[in-house]
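Take any residue in the sequence shown, count from 1 to its spot, add 74: that is its number in the working numbering.
In this text, a Cβ means the ideal position worked out from N, Cα and C, and glycines have one as well.
Just so we're clear, the structure is a prediction, and the values are computed from it rather than from any experiment.
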Amino acid sequence: MPSMSARRILDISDILPEYLDFQLLNAFSNSSFAGNPAAIVFLKEIPSDNVLEKIKDNFNQPIVVYVFPPKIDTPQQNGVAVFGMRWYGPWGEVHICGHGTLAATEAIFRRLDPTEQIHTLEFQTLSGTLTAQRAGDKISMELPAGRTLPASTEEAHAVHAVFCRALGKPSVAINYIGYGGPGFKNYLMVEVAEAEDLATWRPKVEHFAELAPRTQILVVTSASRHSGISYETRMFAPTIGVPEDHACGSAHCLNAPYWAGKRGYSNGHEQQSKGVSVRGGDIWAAYFEGVGEDPGRVQLRGNVKLTASGTLDLTDVVLN
Numbered sequence: 075m076p077s078m079s080a081r082r083i084l085d086i087s088d089i090l091p092e093y094l095d096f097q098l099l100n101a102f103s104n105s106s107f108a109g110n111p112a113a114i115v116f117l118k119e120i121p122s123d124n125v126l127e128k129i130k131d132n133f134n135q136p137i138v139v140y141v142f143p144p145k146i147d148t149p150q151q152n153g154v155a156v157f158g159m160r161w162y163g164p165w166g167e168v169h170i171c172g173h174g175t176l177a178a179t180e181a182i183f184r185r186l187d188p189t190e191q192i193h194t195l196e197f198q199t200l201s202g203t204l205t206a207q208r209a210g211d212k213i214s215m216e217l218p219a220g221r222t223l224p225a226s227t228e229e230a231h232a233v234h235a236v237f238c239r240a241l242g243k244p245s246v247a248i249n250y251i252g253y254g255g256p257g258f259k260n261y262l263m264v265e266v267a268e269a270e271d272l273a274t275w276r277p278k279v280e281h282f283a284e285l286a287p288r289t290q291i292l293v294v295t296s297a298s299r300h301s302g303i304s305y306e307t308r309m310f311a312p313t314i315g316v317p318e319d320h321a322c323g324s325a326h327c328l329n330a331p332y333w334a335g336k337r338g339y340s341n342g343h344e345q346q347s348k349g350v351s352v353r354g355g356d357i358w359a360a361y362f363e364g365v366g367e368d369p370g371r372v373q374l375r376g377n378v379k380l381t382a383s384g385t386l387d388l389t390d391v392v393l394n
């Protein structure tokens, strides 16, 4: 990683226009018709939450990411630009979004003046400070890692029954069921056997809502039969307006540590994973262990494809 011994905050007014410029991008893909879409909206000032909700509704995207000047003063270093960031999903603000962060990073780098020689972006978010960089033709970012707590026998039986109803099968081969720990309390991670062929699933997603209120975000993962792919994943969240996420970044906050531990990978070993929704996506994930109660960090890499850009004219709107 480049030295961060002398950081300087980029004058955000250089890249944030008076009107609300936006970009639409697909994260975890270099295709116009794959990956996970995100709308990135650049703000000079943060409007009211009501306005943020209405802008989000207008875009009707899986996630809308608002990028704005940082609220918290930070020490300056050359090569680092600091921004505030908020994520809005279909049903409101969310605390973390990996694919939205990846897309926002690409959007910002596309707008930066090359003479500024910015190599690292820092984002002040509800989940703390996140960092991202260019990594060749991909974007690399770090997210907090999460731990899972194994479900009890009673809980496991209940989850298995939900899966059977969703898939219309008498039985589903499940290897592990774990509830998300701190920072991921509303997540549930389930590993199914490779023979289940996760990519072929066409579940009745409404049944996954039966896992609420404890679980809002269901991450399903399995080993991959494809050469070079470590594991596959899908994410379902019908209770928060996301029947299925096309390629979920935050799912790997649980997946990467889980698979690294299961397979005995060394600290920082990068695994190539594949989102196997209909659109799909390719994600490289490396888990870096923490110390003590710190669960560590997950570094994600992926491609981002710009599909559209434009300007929002909100001159008829009272923003605050």
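For the beta strand (DSSP E) holding residue i, just list the boundary residues, first then last.
i	result
ASN110	110 to 116
LYS128	Element bounds for LYS128: not the beta strand (DSSP E) but the alpha helix (DSSP H), 123 to 133.
ILE406	Nothing about residue 406 can be reported from this structure: the residues present for the chain run from 75 to 394 only.
ASN249	248 to 254
TYR140	138 to 142
ALA360	355 to 362
LEU292	291 to 297
GLN346	344 to 349
ASP95	94 to 101
ALA382	378 to 386
LEU393	Element bounds for LEU393: n/a, residue is neither H nor E.
GLY202	202 to 209
Could you name the residues of the same chain whose beta carbon sits closer than 8 Å to that of residue i, not counting the 5 residues immediately before and after it, in chain order?
i	result
VAL372	GLU216, LEU217, PRO218, ALA219, HIS326, CYS327, ALA330, PRO331, ALA359, ALA360, TYR361 and PHE362
GLN191	ASN152 and GLY153
ILE248	ALA230, VAL233, HIS234, PHE237, VAL264, GLU265, VAL266 and ALA267
ILE146	GLN198
GLY202	PRO218
PRO244	CYS238
As a quick exercise: from the options, pick the residue whose alpha carbon is nearest that of residue i.
i	options	result
GLY109	GLN207, ASP319, SER201 and PRO287	ASP319
GLY354	ALA101, PHE197, GLN97 and TYR93	ALA101
ALA177	VAL279, PRO111 and PHE310	PRO111
SER214	GLN198, THR194 and GLY202	THR194
GLN97	GLY210, CYS322, GLY384 and ASN394	GLY384
ILE469	VAL125, SER105 and GLU306	This structure leaves residue 469 out entirely; the chain is present only between 75 and 394.
THR189	THR179, THR175, GLN198 and GLY153	GLY153
VAL350	SER103, LEU200 and ILE120	SER103
LEU99	VAL139, ASP123, GLN346 and VAL168	VAL139
VAL141	PHE116, LEU272 and LEU380	PHE116
GLY158	THR381, THR175 and VAL392	THR175
GLY395	VAL316, PHE197 and THR274	Because the chain is modelled from 75 through 394, residue 395 falls outside the range shown and cannot be assessed.
SER395	ASN377, TRP275 and THR313	Because the chain in this structure spans residues 75 to 394, residue 395 falls outside the shown range and cannot be described.
TYR261	SER122, LYS243 and PRO287	PRO287
GLU402	THR274, SER122, ARG375 and VAL352	Residue 402 falls outside the range modelled here, since the chain spans only 75 to 394, and no answer is possible.
VAL246	LYS118, THR381 and LEU272	LEU272
ILE114	SER122, ILE129, GLY252 and VAL279	ILE129
TRP275	ARG308, GLY210 and GLU167	ARG308
I need the boundaries of the alpha helix (DSSP H) containing residue i, first residue and last residue.
i	result
LYS336	326 to 337
THR227	227 to 241
So residue i and residue j are in contact, right, with Cβ under 8 Å, and what is the actual spacing, rounded?
i	j	result
ILE291	ALA311	5 Å
PRO144	VAL125	PRO144 to VAL125, Cβ: 20 Å. No contact.
VAL266	SER296	5 Å
GLN346	GLY302	6 Å
HIS169	CYS322	The pair is not a contact, with the Cβ atoms about 14 Å apart (cut-off 8 Å).
ILE253	LEU285	It is worth fixing the name first, because residue 253 is Tyr in this sequence and not Ile. Not quite, the Cβ-Cβ distance comes to about 10 Å (not below 8 Å), so this is no contact.
SER122	LEU380	Contact flag wrong, Cβ pair sits at about 29 Å.
GLU196	GLY166	The pair is not a contact, with the Cβ atoms about 25 Å apart (cut-off 8 Å).
Less than 6 Å between C-beta atoms, sequence neighbours within five positions excluded: which residues of the same chain meet that for residue i?
i	result
PRO91	Low per-residue confidence applies at PRO91: pLDDT is 41, beneath 50, and the placement is therefore not dependable, though the value from the model is reported in the following sentence. Answer for PRO91: no residue qualifies.
ILE86	Bear in mind that a pLDDT of 44 at ILE86, under 50, signals an unreliable position, so the model cannot answer this.
GLY364	GLY370
ASP95	PHE116 and THR385
ALA80	Residue placement at ALA80 cannot be trusted, given a pLDDT of 42 that sits under 50; what the coordinates show is reported in the next sentence. Closer than 6 Å at the Cβ level, and outside the excluded window around ALA80, lie GLN151 and ASN152.
ARG160	TYR140
ALA283	PRO312 and THR313
SER340	none
ALA334	TYR361
TYR93	THR385
LYS278	ALA240
ILE251	ALA225, ALA230, VAL233 and VAL264
THR289	LEU262
LEU200	HIS169
THR389	none
ALA382	LEU98
Using a Cβ-Cβ cutoff of less than 7 Å, which residues in the same chain neighbour residue i once the five nearest sequence positions on both sides are dropped?
i	result
HIS342	The sequence shown places Gly at residue 342, rather than the His named in the question. Result list for GLY342: ALA360 and PHE362, in chain order.
SER298	SER304, TYR305, GLU306 and LYS348
ARG239	HIS281
SER324	ILE170, CYS171, GLY172 and LEU217
ASP387	TYR93
LYS336	none
At a cut of 8 Å, does the region 254 to 261 reach the region 219 to 234 through at least three beta carbon pairs?
Yes, they touch.
Does the region 226 to 246 come close enough to the region 178 to 189 to have 3 or more Cβ pairs within less than 8 Å?
Taking a cut-off of 8 Å for Cβ pairs, the region 226 to 246 and the region 178 to 189 do not touch, as fewer than three such pairs fall below it.
Does the region 201 to 212 come within contact of the region 127 to 139, defined as at least 3 CB pairs closer than 8 Å?
The region 127 to 139 and the region 201 to 212 do not touch, with fewer than three beta-carbon pairs separated by less than 8 Å.
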